[in-house]
Each structure stands twice: as structure tokens, then as C-alpha cells.
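Trainee: Please find one structure pasted underneath; my questions will follow.
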């Protein structure tokens with residue numbers, strides 16, 4: 002006879018849960034996520050919210066570890082709601098920080114924290130303020146005077162556009178003797194050239210965004226690009242592309258994992 006993993010009662014032969022217990026458990030999880038996400042903002046009584054969560058968890062057989070994860074899920078849902086207009090207001094930031102403080106959510110255990118910081122950085126840049134929210138350690142860039150690092154991405158894949166030349170149509174011409182033991186065909190040895198353009202993964206490294214430059218530092222490539230030397234930016238879902246103002250410059254692409262933030266940050270900093 003099986004035992005229900007939720008209520009501990011007899012579940013029947015070869016069974017480990019009651020259907021109604023599973024339904025109540027799933028409903029309880031949804032309720033907790035909804036309560037948490039809707040509680041962010043205004044003068045929320047978080048003591049009452051915590052009490053409501055504990056009551057639901059008790060009735061629906063939800064463990065403490067599961068409660069912690071559901072609170073984080075609710076918090077992420079609240080962050081999503083704050084970014085529905087692609088802009089995080091000062092009030093929304095303060096409400097989310099208050100929520101995090103109450104439930105002891107930190108950068109290392111709450112995914113939504115990074116989005117909050119990014120949203121706040123973008124807001125300050127668009128308001129004409131140079132953000133100073135990040136703490137950087139062991140920066141590999143040699144910043145110029147009066148230059149400030151605003152954000153840095155780790156493990157950025159860097160791509161360059163390369164033009165490769167290959168020759169098609171080998172030699173089939175007539176051989177002409179030009180010296181003893183040496184022959185030269187009158188047609189080209191390698192045929193006619195065909196150029197092919199490819200985007201090549203060149204390196205992986207740290208990408209720094211300052212108020213003056215874009216920096217990249219990797220094992221094989223290290224460089225910086227001044228904003229006024231860039232003539233075009235291309236947004237991608239996972240990064241940004243740029244075209245420098247130079248006759249021989251080829252498109253460069255950086256995959257940061259967050260194209261929305263990267264593009265908006267760089268474009269707005271370049272206009273400050």
C-alpha cells in the first residue's frame with residue numbers, strides 16, 4: 002500500500018499521492034507566487050504577507066525550501082511586471098529593494114537582482130547621470146583620465162567579419178617551355194578569385210562599457226573603441242554589433258547574453 006507524499010495517508014496500491022492532494026499542492030504554489038508578485042509596491046504589510054504564505058503552505062503541504070523558491074519566483078514575476086514598459090522607475094526600484102530586504106534576497110540567490118541593477122543603470126544614463134553602482138575588482142583595462150567604468154560583462158564572445166579568398170578553375174592551358182626542365186602554363190595556376198565573407202568567433206573575454214569607450218580584453222584580442230569612431234550600432238537579442246568609421250574596418254559583434262541592456266546602455270552613453 003502506497004503512502005501519499007503530501008498528507009501521509011494511504012494512497013492505494015502502487016500509488017504515492019492522492020489526486021486531490023496534488024491538485025491542492027499545485028494550487029497552493031500558484032497562490033503563493035501570485036501573493037508575492039502582487040505584494041510588491043505601495044505600503045505592503047510584509048508581516049501579513051508572510052503569515053498568509055505560511056498558512057497556505059501548511060494547508061497545501063508545501064515545505065520551507067519550496068516556500069523560499071516560490072517567493073523568488075514571485076519576485077521574478079514582480080520584476081517582469083516592473084519592466085513591462087521597458088523602463089524601471091525610481092519608485093519601482095525602491096519597492097523591489099524593500100521586497101528583497103524583507104525576504105533576505107541577495108544578488109547570489111535572486112536572479113531578479115541583476116535586472117533591477119541594469120534597469121536602474123539605464124534610467125540614470127537616460128537622465129544624464131553617470132551611474133556609479135558597480136564595484137569592480139581586478140579590472141584589466143587601462144582607463145583614460147576622467148573615464149569611468151559603468152558596466153562590465155564576463156565571458157563575452159567576440160566575433161569579427163573576415164573576407165576569405167579562394168581560387169576556382171584550375172589550370173588547363175597549354176604548356177610552354179621557358180627553360181630547361183621548367184614549364185609554365187599560359188592559363189592561371191589557381192584560376193579566378195572568389196571572395197567569401199564569414200563572421201568568425203575570434204575570442205572570449207571581458208567587455209567593459211565606460212562613458213568614453215567600449216573595451217575588450219581577451220587572451221588573443223585587446224582593444225578599445227571610442228564612441229565617436231563608431232558610425233552604426235546593430236541590436237541583437239544576445240548582444241550588439243558595431244561598425245567603426247574606417248575604410249578598412251569590418252563589422253564587430255559582441256555576444257553578452259543580454260542584447261536589450263547592452264544596446265541601450267552603449268547607445269545612450271555614446272550620446273552623453
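Residue numbers (the numbering used here): 2 to 273.
We put the beta carbon where it would ideally sit given N, CA and C, even for glycine.
If you count every other CB in all the chains shown that lies within 10 Å of the CB of residue 198, and 16 or more means buried, which is it?
Mentor: Under this definition residue 198 is an exposed residue.
Trainee: Using C-beta distances below 6 angstroms, list every residue in its chain close to residue 271, excluding the 5 sequence neighbours before and after it, in chain order.
Mentor: Once the five neighbours on either side are set aside, the close Cβ partners of residue 271 are 228.
Trainee: Measure how close the beta-carbons of residue 212 and residue 151 come, nearest whole angstrom, since I'm counting them as under 8 angstroms.
Mentor: That belief holds up - the Cβ atoms of residue 212 and residue 151 are roughly 6 angstroms apart, short of 8 angstroms.
Trainee: Mapping DSSP to helix, strand and coil, what is residue 15?
Mentor: Residue state, collapsed to three classes: coil.
Trainee: Between which two residues does the alpha helix (DSSP H) holding residue 103 run?
Mentor: Counting along the chain, the alpha helix (DSSP H) containing residue 103 begins and ends at 91-103.
Trainee: Taking three-plus beta-carbon pairs below 8 angstroms as touching, is the segment 129-137 in contact with the segment 148-162?
Mentor: As far as the Cβ criterion goes, the segment 129-137 touches the segment 148-162, which means the pair count is three or higher.
Trainee: Would you list, in sequence order, the uninterrupted beta strand (DSSP E) runs of no fewer than 3 residues that lie entirely inside the segment 137-172?
Mentor: The qualifying runs are 150-169.
Trainee: Tell whether a beta-carbon distance below 8 angstroms holds between residue 236 and residue 264.
Mentor: Cβ distance < 8 angstroms, so residue 236 and residue 264 count as in contact.
Trainee: Can you find the residues in the same chain that come closer than 8 angstroms, C-beta to C-beta, to residue 247, ignoring five residues on each side of it along the sequence?
Mentor: If we look at residue 247 and ignore the five residues flanking it on each side, its Cβ neighbours are 230.
Trainee: By the three-class DSSP mapping on this structure, what secondary structure does residue 64 have?
Mentor: Residue 64: coil per DSSP, three-state reduction.
Trainee: From this set, 7, 14, 90, which residue's C-alpha is nearest residue 22's C-alpha?
Mentor: The option with the nearest alpha carbon to residue 22 is 7.
Trainee: Helix, strand or coil for residue 189? Go by DSSP, reduced to three states.
Mentor: Reliability fails at residue 189, whose pLDDT of 48 lies under 50, so the model's placement of it is uncertain and the value that follows must be treated cautiously. Coil.
Trainee: Hey, how far is the Cα of residue 209 from the Cα of residue 223?
Mentor: Roughly 11 angstroms separates the two Cα atoms.
Trainee: Going by other Cβ atoms of all chains shown within 10 Å of its Cβ, with 16 needed for buried, is residue 116 buried or exposed?
Mentor: By the neighbour-count rule (16 or more Cβ atoms within 10 Å), residue 116 is buried.
Trainee: Just verifying my parser: in three-state terms, what is the DSSP assignment at residue 55?
Mentor: Correct three-state label for residue 55: helix.
Trainee: Do residue 33 and residue 76 count as a contact pair if the criterion is CB distance below 8 angstroms?
Mentor: No, Cβ-Cβ distance for residue 76 and residue 33 is not below 8 angstroms.
Trainee: Going by beta-carbon coordinates alone, are residue 63 and residue 107 separated by less than 8 angstroms?
Mentor: No; because the gap between Cβ atoms is not below 8 angstroms, this pair is not in contact.
Trainee: Whole-angstrom Cβ separation of residue 84 and residue 42, contact assumed at under 8 angstroms?
Mentor: About 14 angstroms separates the two Cβ atoms, so there is no contact after all.
Trainee: From residue 19 to residue 13, what does the alpha carbon distance come to, in whole angstroms?
Mentor: Distance between the alpha carbons of residue 19 and residue 13 is about 9 angstroms.
Trainee: Where residue 51 and residue 9 are concerned, what is the direct C-alpha to C-alpha distance, given to the nearest angstrom?
Mentor: Each residue's Cα considered, the two are about 26 angstroms apart.
Trainee: Grab me the residues of residue 241's own chain with a C-beta within less than 8 angstroms of its C-beta, minus the 5 sequence neighbours each way, in chain order.
Mentor: Within the same chain, residue 241 has close Cβ partners 234, 235, 254, 255, 257, 260, 263, 264, 267.
Trainee: Label residue 88 either buried or exposed according to how many other C-beta atoms from any shown protein chain fall within 10 Å of its C-beta, with 16 as the threshold for buried.
Mentor: Exposed is the call here.
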